[in-house]
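Residue numbers (my numbering): 880 to 962.
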């Protein structure tokens, strides 16, 4: 889950990377986005304190999180390790 907001520059910069990953892993993993301004309760439930934050879930449980701008390779490494 990509936790982001429209006013967040790093979030906007990561958007194309997340969209690219969603296309590359279509049918293998689910990649979603959560606007923290519109879904404050959800962000709080996931413990989001800084954005962008990326939560990796497996079987409904958070197994990893990344905070801040990240290179695409970091996402690929985590996705491959859990799929």
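Glycine included, C-beta positions come from ideal geometry on N, C-alpha and C.
Item	Value
Candidates 930, 960 and 950: closest to residue 888 by CA position	930
Residue 913 - DSSP class collapsed to helix/strand/coil	strand
Own chain partners of residue 933 with C-beta closer than 6 angstroms, once the 5 adjacent residues on each side are dropped	881 and 945
Cβ-based burial, residue 885 [other Cβ within 10 Å; buried from 16]	exposed
Secondary structure of residue 954, DSSP reduced to three states	helix
Own chain, CB closer than 6 angstroms to residue 916, minus 5 neighbours either side, in chain order	884
Environment of residue 892 [buried if 16+ CB atoms lie within 10 Å]	exposed
Run of the alpha helix (DSSP H) containing residue 922, from where it starts to where it stops	919-924
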